[in-house]
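A.B. asks: Protein chains in written order, with my numbering: chain A, 1 to 308; chain B, 1001 to 1276.
Ideal Cβ placement from N, Cα and C applies to all residues, glycine included.
Submitted below is the structure of interest, expressed as structure tokens.
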Amino acid sequence: MSENLIEVQGLTKKYGEFVAVNGIDFHVRKSESFGFLGPNGAGKSTTMRILAATSRRTSGEVSVLGRDPEIHGPQIRAHLGVVPQEGNLDVQLTVTENLYIYGRYFGLSSKFIRSKIDDLLEFAQLEEKRDTKVDALSGGMKRRLIIARSLVSDPDILILDEPTTGLDPQARHILWDRLFRLKEDGMTLLITTHYMDEAEQLCDRLIVMDKGSIMSEGSPAELIREHSTREVLEVRFGSEQNVRMAPAMEKFCDRIEVLPDRILLYTEDAEAVLEEIVGAGHSPKTSLVRRSSLEDVFLRLTGRSLID
Amino acid sequence: MLLSAAVAIAERREGKFGDRYYAGRSRAVLERSFIAFKSSTWFVVLSGFVEPVLYLFSFGYGVGRFIGNIDAGSGKMVSYAAFIAPALLATSAMNGAVYDSTWNVFFKMNQSRLYHGMLATSLGPLDVALGEIAWALMRGLIYAIGFMAVVAPMGLIPSWWGVLAIPAAVLIAFGFASVGMAITSYFTRFQQMGAINIALLPMFLFSGSFYPLTVFPGWIQAIIKALPLSQAIQLIRALTLGVMQVGLLVHVLYFLVMITFGLFITTRRLDALFMR
């Protein structure tokens, strides 16, 4: 029923000896919000750049909208809106001029672009900043402007590389709201992130990447179901005590993870486990009952945290 | 899927020669320079015009007073000011082009990441290179016209062939801008740009701007004559003084080679840098 806009098979990218992406397979369906979750250096951005026809692969098959981005670069880029990790707004121009000239790079007529600018400014919530030089904008505003700019050419796929990295919580929520609107309008989104909450909020389906390989694939809920338990109990015994207490904790649940500052106990019913622990005479300094998240999935798959 | 305008435009070029490198839209890049220019400081722009005029007054009339007329080659005697005026025009064409294609390009490539943004669209690297160089040439053209407008009424352009010095200055600027951009694409640090100044200053001082090359022994003359600024000065001086010969076409060819070579390297480098 749903067509694949992107198909990737055995994609490998090497920089000299270093293998940035190691033979990955995935596909992205139309109107899907597809995520790449993984720590810095996992190969997410490299993969995105290959899809965006701004990087050449070492081997493997890549098809974007049925064509090879390496051969039909300009034609494929005409279908894409790209929001890079590092800002690249035109600092010598104003907000409106940035939107305008970006449309011109795609060859769009002045008249066509001008008819779109008001809508784009409204989308980016930058109507009052229209004649401001971009240098004077806050980080969140700049990111919203880059997203608005990427929409000037009516792209079929929007590629966002770490869209909220470096933003404060409020700015992140505004940005998520904007992206959610695009998703509701049926835009196909590709998002890399190392924030599990971002992946959970925005992605219908995602791949978990580490060291250039795909560790797992599925919807956030599927991944959690598959690789973690329903709930997690976090207990803290104090920094010196956590490691010492770990063996005692193991018998209360299916699986534990010992982190420097806390122990995670994976279970279907965290409240009950906590009662058992206290009933057995242990007294953690603090405890927290929560649902499993993608962070737990990542920890399970790689033995490491997403953000280190 | 409904085709967007951007896609339809990109599809039109599909399959044409070099469609991966050139989308036929360097004027969008040029337009960007115009927009940025409107809000830039006019002082910097003005300086490109004022500099050669100041040199002309200082040396042409100051030093010229003690020199009298000078042999411009082939026994043609001209005033010292008329001797150095074409050299100053050639030099300012070089300086303007080099400034635009080195400092400005370096900033856009490495600091503001402007080219990253451009090359994420359906533009190709040759569009970016041509558009940026075209801007340097527009400026060069305006400087050349301005300079001629100052020196011609002073009687320093004895020949009507001198009108051709204006397009010649643009050709020279094109050569320097192409090669300048190609070299800049290899630089990764600001300090490396100093190397360009080190190369340009002696070329300016010894390329026959202020005295005929005949003061040097033959083998040094041969080396200097092969340098691009000397080529530029020989070409423009011949035009302003009306010493027309077929040999001038060699100078023109020299700059055409520079342009082709520079554009080729620049396009390849931009492609390599942004398509890693």
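Going along chain B, which residues have a C-beta under 9 Å from D185(A)?
C.D. replies: Within the first sequence, residue 185(A) is the residue found at index 185, counting from 1. By Cβ distance, chain B contributes nothing, its closest Cβ being about 14 Å from D185(A), past 9 Å.
A.B. asks: To which residues of the same chain is M48(A) closer than 8 Å at the C-beta, ignoring the five residues directly before and after it?
C.D. replies: Counting from 1 along the first sequence, the entry for residue 48(A) is found at position 48. Cβ neighbours of M48(A) beyond the five flanking positions: F36, I159, D161, L190, T192.
A.B. asks: Of the choices Q85(A), P284(A), I76(A), whose alpha-carbon is the least far from that of T164(A)?
C.D. replies: Taking the first sequence and counting its residues from 1, the one referred to as residue 164(A) is at position 164. Ranking Q85(A), P284(A), I76(A) by Cα distance to T164(A) puts Q85(A) first.
A.B. asks: Helix, strand or coil for G41(A)? Go by DSSP, reduced to three states.
C.D. replies: For the purposes of this step, residue 41(A) is taken as residue 41 along the first sequence, with counting starting at 1. G41(A) falls in the coil class under three-state DSSP.
A.B. asks: Say whether chain B places a C-beta atom closer than 7 Å to the C-beta of I157(A).
C.D. replies: Reading the first sequence from its first residue, position 157 is the one you call residue 157(A). No, because no Cβ of chain B sits closer than 7 Å to the Cβ of I157(A).
A.B. asks: Within 10 angstroms of its Cβ, does E275(A) collect 16 or more other Cβ (buried), or is it exposed?
C.D. replies: Within the first sequence, the letter at position 275 stands for residue 275(A). Counting Cβ neighbours within 10 Å, E275(A) comes out exposed, since fewer than 16 surround it.
A.B. asks: Let me confirm a value: I207(A) is counted as buried when at least 16 other C-beta atoms fall within 10 Å, else exposed. Which label applies?
C.D. replies: Indexing the first sequence from 1 puts residue 207(A) at position 207. That one is buried.
A.B. asks: Going along the chain, which residues of the segment 1097-1128 of chain B sit with their C-beta nearer than 8 Å to a C-beta in chain A?
C.D. replies: S1112, R1113, L1114, H1116, G1117, M1118, L1119, A1120, T1121, S1122, L1123, G1124
A.B. asks: Between the segment 1201-1210 of chain B and the segment 1104-1121 of chain B, do three or more beta carbon pairs fall short of 8 Å?
C.D. replies: no
A.B. asks: Below 7 Å between beta carbons: does that hold for V8(A) and V62(A)?
C.D. replies: As a position in the first sequence, residue 8(A) is number 8, starting the count at 1. As a position in the first sequence, residue 62(A) is number 62, starting the count at 1. Going by C-beta atoms, V8(A) is nearer than 7 Å to V62(A).
A.B. asks: Are there 16 or more other CB atoms within 10 angstroms of the CB of D296(A), so buried, or fewer, so exposed?
C.D. replies: As a first step, residue 296(A) must be located in the first sequence, where it is residue number 296. With 16 or more other Cβ atoms within 10 Å, it is buried.
A.B. asks: Out of curiosity, what's the CA-to-CA distance linking W1161(B) and F1083(B)?
C.D. replies: In the second sequence, counting from the first residue as 1, residue 1161(B) sits at position 161. In the second sequence, counting from the first residue as 1, residue 1083(B) sits at position 83. About 15 Å.
A.B. asks: Could you tell me which of F34(A), V28(A), R290(A), V21(A) sits nearest to N4(A), measuring between CA atoms?
C.D. replies: Taking the first residue of the first sequence as 1, we reach residue 4(A) at position 4. Nearest option by C-alpha distance: V28(A).
A.B. asks: Shorter than 7 Å from the beta carbon of M1138(B) to some beta carbon of chain A?
C.D. replies: Position 138 of the second sequence, counted from the start, is the residue given in the question as residue 1138(B). It does not; no Cβ of chain A falls within 7 Å.
A.B. asks: Going by DSSP in three states, M1(A) sits in which element: helix, strand or coil?
C.D. replies: Position 1 of the first sequence, counted from the first residue, corresponds to residue 1(A). Note that M1(A) scores 41 on pLDDT, short of 50, meaning its location in the model is unreliable and no value can be drawn from it.
A.B. asks: Using a Cβ-Cβ distance cut-off of 7 Å, determine whether M1275(B) contacts chain A.
C.D. replies: Working through the second sequence from its first residue, we reach residue 1275(B) at position 275. It does; some Cβ of chain A falls within 7 Å.
A.B. asks: Quick one: list the residues of chain A neighbouring A1023(B), beta-carbon separation under 8 Å, in chain order.
C.D. replies: Here the question's residue 1023(B) lines up with position 23 in the second sequence. In chain order: P74, G107.
A.B. asks: Pick out whichever of G60(A), F106(A), G166(A), F180(A) has its Cα sitting closest to the Cα of I76(A).
C.D. replies: As a working mapping, residue 76(A) is identified with position 76 in the first sequence. Comparing Cα positions, the closest option is F106(A).
A.B. asks: Do we get a CB-CB distance below 7 Å when we pair A1232(B) with the residues of chain A?
C.D. replies: Locating residue 1232(B) in the second sequence gives position 232, counting from the first residue. Answer no: the Cβ-Cβ gap between A1232(B) and chain A never drops below 7 Å.
A.B. asks: Please identify the residue among E70(A), S153(A), L121(A) whose C-alpha is closest to the C-alpha of L337(A).
C.D. replies: Residue 337(A) is absent from the structure shown; chain A starts at 1 and stops at 308.
A.B. asks: Taking Cβ-Cβ distances below 7 Å as the criterion, which residues of the segment 128-154 of chain A are in contact with chain B?
C.D. replies: S153, D154
A.B. asks: Tell me the rounded alpha-carbon separation between N1104(B) and Q1221(B).
C.D. replies: Within the second sequence, numbered from 1, the residue matching residue 1104(B) stands at position 104. Within the second sequence, numbered from 1, the residue matching residue 1221(B) stands at position 221. If you take the alpha carbons of N1104(B) and Q1221(B), they lie about 33 Å apart.
A.B. asks: Checking contacts by CB at 7 Å: is M1(A) closer than that to chain B?
C.D. replies: Stepping through the first sequence from its first residue, residue 1(A) is reached at position 1. Residue confidence for M1(A) is low, a pLDDT of 41 falling below 50, so the modelled location carries little weight and cannot support an answer.
A.B. asks: Quick one: what's Y1211(B) bridged to in DSSP?
C.D. replies: Position 211 of the second sequence, counted from the start, is the residue given in the question as residue 1211(B). For Y1211(B), which the question treats as bridged, DSSP gives no partner whatsoever.
A.B. asks: Evaluate contact between the segment 263-281 of chain A and the segment 232-252 of chain A, counting only Cβ atoms and requiring at least three cross-stretch pairs below 8 Å.
C.D. replies: yes
A.B. asks: Chain B partners of D197(A), CB-CB under 9 Å?
C.D. replies: The residue labelled residue 197(A) in the question sits at position 197 within the first sequence. Residues of chain B passing the Cβ test: none, with the nearest at roughly 27 Å.
A.B. asks: With a cut-off of 7 Å, does the C-beta of S293(A) fall near any C-beta of chain B?
C.D. replies: As a position in the first sequence, residue 293(A) is number 293, starting the count at 1. Answer no: the Cβ-Cβ gap between S293(A) and chain B never drops below 7 Å.
A.B. asks: Leaving aside the five residues before and after A20(A) along the sequence, list all residues of the same chain whose C-beta is less than 6 Å from its C-beta, in chain order.
C.D. replies: Indexing the first sequence from 1 puts residue 20(A) at position 20. K13, G43, T46, G212.
A.B. asks: Under 8 Å, with one C-beta from each stretch per pair, do the segment 1137-1146 of chain B and the segment 1211-1230 of chain B reach the 3-pair mark?
C.D. replies: no
A.B. asks: Can you tell me the Cα-Cα spacing of M1148(B) and V1050(B), whole angstroms?
C.D. replies: For the purposes of this step, residue 1148(B) is taken as the residue at position 148 of the second sequence. For the purposes of this step, residue 1050(B) is taken as the residue at position 50 of the second sequence. Roughly 12 Å between the two C-alpha positions.
A.B. asks: Does the beta-carbon of D90(A) have 16 or more other beta-carbons within 10 angstroms, so that it is buried, or is it exposed?
C.D. replies: In the first sequence, residue 90(A) corresponds to position 90, counting from 1. Of the residues assessed, D90(A) falls on the buried side of the cut-off, its CB having 16 or more other CB atoms within 10 angstroms.
A.B. asks: Tell me, please, which residues DSSP counts as bridged to M209(A).
C.D. replies: Here residue 209(A) refers to the residue found at position 209 when the first sequence is read from its first residue. I214(A).
A.B. asks: Would you call the CB atoms of V235(A) and S293(A) closer than 7 Å?
C.D. replies: Looking up residue 235(A) in the first sequence gives position 235. Looking up residue 293(A) in the first sequence gives position 293. No. Outside cutoff.
A.B. asks: Please tell me whether S213(A) has its Cβ less than 7 Å away from any Cβ of chain B.
C.D. replies: The residue labelled residue 213(A) in the question sits at position 213 within the first sequence. For S213(A), the answer is no, since every Cβ of chain B falls outside 7 Å of its Cβ.
A.B. asks: For the segment 1165-1179 of chain B and the segment 1255-1267 of chain B, state whether three or more C-beta atom pairs, one from each stretch, are separated by less than 8 Å.
C.D. replies: yes
A.B. asks: Considering only DSSP beta bridges, list what F36(A) is partnered with.
C.D. replies: Counted from its first residue, the first sequence places residue 36(A) at position 36. DSSP, once it has assigned bridges, lists T192(A), I207(A) as partnering F36(A).
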